[in-house]
Amino acid sequence: MFRLACPLSLLALASLASYVVADGARSFEPTRKHGGNHAPINTRSAEEVVATLGLVPNPEKGYFIETFRDTDTCGNRSASTAIYYLLEGSAGSSLWHRLDAVEVWHYYAGAPLVLSLWGEEGPVRNAILGPDIFDGQMPQVVIGKREWQSARSLGDWTLVGTTVAPGFSEEGVEFAPIGWTPEES
């Protein structure tokens, strides 16, 4: 039987307030500021989640924080990186962009999120990242290397994580011109 070495629920993650950086990763130290009695993360505002996780504005829209940068390398960059990313529904879709690496999106909390993906051939495909696997949502979506992507929250806000391998590099991201869509190509 599979057992987690240290089980930790999403609700527990939402109440964490301090980070400790060690070996390239941020680990969390739970606080007792809520005394164990706190509102579930999905009842919180985007502002509360942003403040609690220490997220900062992201150039493609929304908020993020890098939580892991592998100390192992692949060529001249980290072998992998991970972030939290929060996108508010009122922000609209994130900017179309693509990476020179594979990116895996993970759903954490809030509303489902639509990932629009385009690989330069065929129509745009949409994947819904969310918790309801019985209604066509997926808790994880893999985006191929150099595949165009844009995200849109289907509610007030969505909290996801992304893992990139090899690790994210600013030189490895390409943004489409503002207003560009794959249909124009």
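For reference, each letter of the sequence shown is one residue, going -22 to -1, 1 to 163 in mature numbering (1 follows the signal peptide of the UniProt record, and there is no 0).
Just so it is clear, CB atoms sit at the ideal spot from N, CA and C, and this is done for glycine as well.
Residue from Q127, V138, P101 and V102 whose Cα sits closest to the Cα of G108: V138
Exposure of P144, with buried meaning 16 or more beta-carbon neighbours within 10 Å: buried
Sub-8 Å separation of R124 and G70 beta-carbons: no
Simplified DSSP assignment, three categories, for I106: strand
Start-to-end residues for the beta strand (DSSP E) that takes in E25: No beta strand (DSSP E) holds E25; the alpha helix (DSSP H) holding it covers A24 to L31.
Local Cβ density within 10 Å of A(-1), reported as buried at 16 or more and exposed below that: With a pLDDT of 46 at A(-1), under the threshold of 50, the modelled position of this residue cannot be trusted; read the value that follows with caution. That one is exposed.
Proximity below 8 Å, CB of A89 to CB of L132: yes
Host beta strand (DSSP E) of L73 (start-end): That residue, L73, is in no beta strand (DSSP E); it is neither H nor E in DSSP.
Under 8 Å between C-beta atoms of Y63 and N20: no
Given residue 178 as reference, the closest of Q127, F146 and D134 once Cα atoms are compared: Nothing can be reported for residue 178, as the shown portion of the chain is limited to -22 through 163.
Distance, H84 Cα to G67 Cα: 18 Å
A60 to V142 span [Cα, whole Å]: 6 Å
Continuous beta strand (DSSP E) assignments of at least 3 residues falling wholly in the stretch 52 to 138: 59 to 66, 75 to 77, 80 to 88, 91 to 96, 103 to 107, 118 to 121 and 126 to 131
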